[in-house]
Amino acid sequence: MWFGIVSLFPQMFSAVTAYGVTRRACEKGLIEVHTYNPRDYTYDKYKTVDDKPYGGGPGMLMKVQPLTDAISQARREAPVGTKVVCMSPQGARLDHSLVTKFHEWGSIILVAGRYEGIDERVLQKQVDLEVSIGDYVLSGGELPAMCVIDAVSRMVPGVLGDIQNAQEDSFAKGLLHFPQYTRPEAVDGDKVPDIVLCGDHAKIRRWRLQQALGRTYERRPDLLRSRTFSDDELMLIVDYLRDKGL
Ligand SMILES: NC(=O)c1ccc(NCc2ccccc2)nc1
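Start counting the sequence shown at 191; every next residue gets the next number (this note's numbering).
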């Protein structure tokens, strides 16, 4: 997976290139992260990268020419046809299906804006899609861009070990994750549920499915709206709710 990042703070991306699973993915060449800093495309003495908004109002916008030139350079180095995505509160909500789509693209250019944002004409002419990680405003698009890099990288074969793949992220199945436990068996008198300790893997698998279904029903019923259930799954949910006195 090829990532091109347009950002005024490229060093922030060491958070994904220098740590953990995504670091190993970079080292193994499974993902590439290339950064393009608009400041490198300024020609004035002060390397100006921000500009005042027409019509007044607080704050500044990304200056058009350095941003456009940085995006153009990313396009030149990206695989032909690579799409440009801008991280912004005005964007489509990032979810598992969008992450899957980005992975299928094979390459992506992520624009991480700063200040109050980006000139609308740059968005209209240079950006294929705006994407948001949630309904809140951040100081820049870098952290949202790193969320995209991490989530998409986890879909690249070889990035996650077989163990983690076997666990397959719950959102891939459209359900919340079941509760998990590790040593000790009792924490302040709170015991691990007997079912988890019983060693019967069929029963444990069933209990985990029931927990995933029940918790999703309780906490995120919106995730279940488009899901079809087997009779067995419906029974599991009914039992779950009965056990919880709901
Ligand atoms: N919720 C998000 O995904 C998000 C993305 C970026 C951001 N701030 C930078 C910015 C602001 C306005 C326009 C373009 C970029 N804040 C939140």
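Glycine included, C-beta positions come from ideal geometry on N, C-alpha and C. All values reported here derive from a predicted model rather than from experimental measurement.
Helix, strand or coil for residue i per DSSP?
i, result
"V223", "strand"
"G194", "strand"
"E320", "strand"
"C388", "coil"
"V312", "helix"
"P200", "helix"
"S420", "coil"
"V176", "Here the chain covers residues 191 to 436 and nothing more, so residue 176 does not appear."
"L300", "strand"
"V254", "helix"
"A282", "strand"
"D240", "strand"
"G210", "helix"
"K434", "coil"
"G404", "helix"
"A362", "helix"
"A376", "strand"
"K235", "coil"
"K393", "helix"
"K218", "coil"
Do you know whose CA, among the options, lies nearest residue i's CA?
i, options, result
"M425", "H293, E408, T418 and Q400", "Q400"
"S287", "I298, G364 and D318", "G364"
"F292", "M250, I394, V428 and I339", "I339"
"R311", "Y244, R395, L328 and C216", "Y244"
"M345", "L333, E332, F361 and K242", "F361"
"L350", "F203, Q201, I221 and F199", "I221"
"I323", "H224, R304, A282 and K218", "A282"
"H224", "G247, P248, L403 and F199", "F199"
"R405", "E423, F203, A335 and W192", "E423"
"N227", "Q354, R304 and A402", "R304"
"L333", "Q201, D429 and G389", "Q201"
"E294", "G389, Y407 and M191", "M191"
"I385", "V377, R396 and A376", "R396"
"M250", "D309, A208 and R398", "D309"
"R229", "C216, A208, E267 and D259", "D259"
"N436", "L414, Y407, L413 and D412", "Here residue 436 turns out to be Leu, not Asn, going by the sequence shown. Per the Cα distances, Y407."
For residue i, is the classification buried or exposed, using 16 other Cβ atoms within 10 angstroms of its Cβ as the cut-off for buried?
i, result
"R410", "exposed"
"V206", "buried"
"G307", "buried"
"L366", "buried"
"C276", "buried"
"S416", "exposed"
"S343", "buried"
"P248", "exposed"
"Q316", "buried"
"A402", "buried"
"V428", "exposed"
"V289", "buried"
So residue i and residue j are in contact, right, with Cβ under 8 Å, and what is the actual spacing, rounded?
i, j, result
"S133", "A341", "Absent from the structure is residue 133, since the part of the chain shown begins at 191 and ends at 436."
"G331", "S278", "7 Å"
"V321", "L284", "5 Å"
"M336", "F203", "7 Å"
"K218", "G348", "7 Å"
Any heavy atom of ligand 3 inside 8 Å of the beta-carbon of residue i?
i, result
"A260", "Although ligand 3 was asked about, the structure shown includes only ligand 1 as ligands."
(request) Check whether the stretch 257-273 touches the stretch 209-218, taking contact to mean three or more Cβ pairs, one atom from each stretch, closer than 8 Å. (result) no
(message) I'd like to know if the stretch 265-278 and the stretch 229-249 are in contact, where contact means that at least 3 CB-CB pairs between them fall below 8 Å.
(response) no
(request) Examine the Cβ distances between the stretch 366-383 and the stretch 293-312 and report whether three or more of them are shorter than 8 Å. (result) no
(request) Would you be able to state if there are at least three C-beta pairs under 8 Å between the stretch 227-234 and the stretch 248-260? (result) yes
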